[in-house]
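Input: a single structure, listed below in structure tokens.
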Ligand SMILES: Cc1ncc(COP(=O)(O)O)c(C=O)c1O
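Residue numbers (the numbering used here): 44 to 441.
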């Protein structure tokens with residue numbers, strides 16, 4: 044394929060794009076349409092579109108079984124699931140929630156919406172995630188909760204973080220949005236810490252169009268969260284909890300159920316995409332593929348690469364060329380949260396690893412709409428960029 048593709052073919056020089064359609068880093072999985080319709084008929088027949096309807100109940104049960112956990116509470120999004128879980132779990136007399144800086148761009152807002160001050164901590168350079176030794180730097184007399192976020196590839200060191208939380212007697216919540224299918228030391232993600240939170244946005248592993256859920260083995264917390272997502276109402280006109288409207292509707296639950304039915308096929312597809320990147324990227328020096336830990340169960344969902352020192356272009360230049368070809372590669376969690384400006388107070392520990400790593404990683408196209416030949420072409424393009432970096436940089440500067 045490389046002999047057909049030459050630097051003069053790049054949109055930067057020719058004005059003509061190589062790809063006819065956009066290649067995204069979002070999953071955008073389309074579950075079997077018949078299954079989606081079959082589920083949809085169930086709520087339609089019962090004329091129950093929202094407020095803990097039949098499909099939401101079914102989905103919560105399926106997800107609890109899937110994660111080997113006692114309770115699952117669904118929400119309108121992962122964002123509101125996180126906000127309400129923080130609100131329910133954080134020590135109310137304290138003010139700070141510890142979160143990694145190198146993570147989801149809205150995480151500080153999540154903490155602020157829950158009424159707490161985000162205290163950013165550094166990451167472990169191996170896992171790219173919060174660790175016990177980075178989190179401990181942020182613990183002080185005001186700490187209300189540790190919010191551990193799994194990285195995009197693999198998981199954080201769960202046991203060390205659980206031990207840390209226990210030794211300081213702090214509640215601990217996991218954001219497991221990127222680790223839905225994974226195990227940690229052979230145990231399914233979903234039942235660690237006080238609770239774990241997941242997203243069912245279309246870009247994620249389980250596509251519910253939009254949605255989220257929290258899993259826990261704590262029945263008191265589960266009941267509280269179920270009330271909080273429905274305005275705090277228990278019975279008619281009786282408010283028992285702080286609440287908001289964060290309910291999942293039945294159409295989204297139908298989509299999520301259909302998506303759950305197709306998980307095995309999805310993992311097979313993701314594995315093929317990942318193997319193709321593994322095989323083809325091997326021949327390019329300067330790009331390191333982050334590998335999945337295959338000693339654990341993994342969904343192979345995201346493709347993250349590190350641009351090493353010998354890669355001749357900056358990450359921003361690399362992404363600009365890929366975007367000009369409709370390849371929607373993304374900078375990995377950029378900028379880190381401690382480098383952003385806020386209208387509310389934040390705190391930060393020293394960030395040596397995050398600052399050092401902040402401009403090295405990017406995600407490449409993957410998911411349902413990407414196939415092996417797309418991956419081969421993306422990698423061919425990267426090869427050309429490596430060879431013709433000097434011309435490309437000059438062209439970008441014009
Ligand atoms: C790590 C992480 N946590 C939480 C969320 C929020 O999920 P949602 O989009 O369902 O609100 C996201 C969304 O991208 C995420 O990446």
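Quick reminder that beta carbons are idealized off the backbone N, C-alpha and C, glycines included. Note that the structure is a prediction, hence the values are computed from the model and not measured.
Inter-residue CB distance, residue i and residue j (contact presumed, cutoff 8 Å)
| i | j | result |
| --- | --- | --- |
| residue 403 | residue 436 | With 8 Å as the limit, residue 403 and residue 436 do not qualify as a contact, their Cβ atoms being about 18 Å apart. |
| residue 104 | residue 301 | The pair is not a contact, with the Cβ atoms about 16 Å apart (cut-off 8 Å). |
| residue 168 | residue 142 | That pair is no contact at about 18 Å. |
| residue 71 | residue 86 | The Cβ separation is near 24 Å, so there is no contact. |
| residue 342 | residue 225 | 7 Å |
| residue 156 | residue 126 | 5 Å |
| residue 145 | residue 425 | Wrong, their Cβ atoms sit about 24 Å apart, outside the cutoff. |
| residue 182 | residue 211 | 6 Å |
| residue 232 | residue 110 | 7 Å |
| residue 9 | residue 56 | This structure cannot speak to residue 9, because the chain is shown only from 44 to 441. |
| residue 153 | residue 122 | 6 Å |
| residue 407 | residue 150 | Between residue 150 and residue 407 the Cβ distance is about 23 Å, and since that is not below 8 Å, they are no contact. |
| residue 74 | residue 304 | 7 Å |
| residue 268 | residue 128 | 7 Å |
Contact under 7 Å by Cβ, residue i with residue j
| i | j | result |
| --- | --- | --- |
| residue 132 | residue 260 | no |
| residue 368 | residue 61 | yes |
| residue 432 | residue 405 | no |
| residue 241 | residue 298 | no |
| residue 191 | residue 207 | no |
| residue 186 | residue 139 | yes |
| residue 324 | residue 196 | no |
| residue 194 | residue 170 | yes |
| residue 397 | residue 180 | no |
| residue 285 | residue 275 | yes |
| residue 254 | residue 295 | yes |
| residue 410 | residue 69 | yes |
| residue 235 | residue 257 | no |
| residue 351 | residue 329 | yes |
| residue 273 | residue 247 | no |
| residue 96 | residue 293 | yes |
| residue 173 | residue 215 | no |
| residue 370 | residue 106 | no |
| residue 48 | residue 423 | yes |
| residue 428 | residue 165 | no |
| residue 376 | residue 346 | no |
| residue 331 | residue 349 | yes |
Counterpart residues of residue i in DSSP-defined beta bridges
| i | result |
| --- | --- |
| residue 256 | 117 and 241 |
| residue 273 | 288 |
| residue 141 | 162 and 189 |
| residue 407 | 346 |
| residue 436 | Residue 436 pairs with nothing; no bridge assigned. |
| residue 391 | 163 |
| residue 66 | 370 |
| residue 282 | 276 |
I'd like the ranges of any beta strand (DSSP E) spanning at least 3 consecutive residues and lying wholly in the region 190-245. Complete beta strand (DSSP E) runs here, min 3: 215-218 and 238-242.
The region 410-423 contacting the region 310-320, beta-carbon criterion three pairs below 8 Å: Short answer: they touch.
Count Cβ pairs between the region 248-266 and the region 124-138 that sit closer than 8 Å; are there 3 or more? Result yes; three or more Cβ-Cβ pairs closer than 8 Å.
Can you give, in chain order, each stretch of the beta strand (DSSP E) that sits fully within the region 314-364 and has at least 3 residues? Assignment of beta strand (DSSP E) within the region 314-364, counting only whole runs of 3 or more residues, yields 330-332 and 346-350 in chain order.
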